[in-house]
Amino acid sequence: MDLLSPSIPTPLQRLSNAEIDKAGVQLYIKRDDLIHPAVSGNKWRKLKYNLIEAQERGERTILTFGGAYSNHLYATAAAGNALGFKTIGMVRGLELESKDNATLQFCRAQGMQLQFVTREEYRLRHSDAYLREVAARFGNPYMIPEGGSTALALQGVAEMVLEVASQLGGMTDFIATAAGTGGTAAGILSAGADVLAFSALKGGHFLREDIQQFVTECKNPGNLTLLTDYHFGGYAKWNHELLAFMQDFRSEFGIQLEQVYTAKMFYGLFDLIQKGYFKPGTTIVAVHTGGLQGLIKT
Ligand SMILES: *Cc1c(COP(=O)(O)O)cnc(C)c1O
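If you want it as structure tokens, here you go:
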């Protein structure tokens, strides 16, 4: 189904420079940032089957959760608007009610109803009792968890892996992705590929268990390597070294990254390549998961 007219398959491009060649690895970038202008990257992949299910069930309202700069809220607002769903966003942090930002303004402009909740309440977002209460409060909407990470999301992400395999004419040794909730990494594992997951958050060790949890039902998942040292101080934190890296990447390859997820992943990946982490002959596909709407203006 051509949900929201995506540009699929997204291009797979080879990246090479002196350092990559010296390490003897083959590096590719999967341009999921080009899928859709508003529902970009992994958010389109993760939302696809959730939205199809909501349509099939005849749901009218979609409720989901996110932080102030959430690409998932942004994508859900745009997709909901285009597909004729009413959307409700449960936003972490009461203080945002009076302190809007571009992401939240976009969500509002797409017709999303924003419901600001305290950090204490937001922490309950996975609790069954809380979700029942929220469902009752908002008239039983179709609920999608934070980041859109559900079993249906894994199915959508797995399709990206199949695309890569057919574009490469075989399996790659690793697929690298940035990780926030770990749903994307889990989706790639569910397709049987080995994953390098770069945590965009500080203290990302918890992701291992969350990701394993997502794939418990899957047959023959791939192996997970979790990298937790490339968070640059924590979620949405950055420094000038990271921005300089983004600029270099853009002048070298003509591809724009953003500072929350994809720049951290590529920074980490290039660091590993330089340190000789990969055996010569290794093939790595790094996913550009999109998120360019959140690109910092400098
Ligand atoms: C949301 C997001 C991620 C993280 O995806 P998870 O499935 O939550 O781990 C990575 N990259 C970008 C650009 C994102 O917007």
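The sequence shown runs 244 to 541 under this note's numbering.
Ideal Cβ placement from N, Cα and C applies to all residues, glycine included.
Since this is a predicted model, take the numbers as computed values, not measurements.
- Taking a C-beta distance under 8 angstroms as the contact criterion, Tyr385 and Thr304 qualify as a contact pair.
- Under DSSP, Arg335 forms a beta bridge with Val360.
- For Tyr271, the enclosing beta strand (DSSP E) covers residues Gln269 to Lys273.
- Contact between Leu395 and Tyr292 holds: CB atoms are separated by about 4 angstroms, below the 8 angstroms threshold.
- In the same chain as Leu337, and ignoring 5 residues on each side of it, the C-beta atoms closer than 6 angstroms to its own belong to Phe359 and Thr361, in chain order.
- In the structure shown, Thr346 falls within a helical segment according to DSSP collapsed to helix, strand and coil.
- The residue from Pro254, Gln356 and Val503 with its alpha-carbon nearest to that of Gln536 is Val503.
- For Gly533, the secondary structure class from DSSP, reduced to helix, strand or coil, is coil.
- In this structure, the C-beta of Tyr504 approaches ligand 1 to less than 7 angstroms from one of its heavy atoms.
- For Ala421, the shortest C-beta to heavy atom distance toward ligand 1 is below 7 angstroms.
- In the structure shown, the three-state DSSP call for Ile305 is strand.
- Counting other Cβ atoms within 10 Å of its Cβ, His531 reaches 16 or more and is therefore classed as buried.
- In terms of Cβ geometry, Gly284 and Gly534 form a close pair [threshold 8 angstroms].
- Partner residues in the beta bridge of Ala422, as assigned by DSSP, are Ser442.
- The nearest non-hydrogen atom of ligand 1 is less than 7 angstroms from the C-beta of His315.
- Under the 10 Å beta carbon count, Ser494 is surrounded by fewer than 16 other beta carbons and is classified as exposed.
- By the neighbour-count definition (other C-beta atoms within 10 Å, threshold 16), Ala487 is an exposed residue.
- Taken in chain order, the unbroken stretches of alpha helix (DSSP H) that lie wholly in the segment 465-510 and span 4 residues or more are 483-496.
- In the DSSP assignment, Ile454 falls within the alpha helix (DSSP H) that extends over Phe449 to Phe457.
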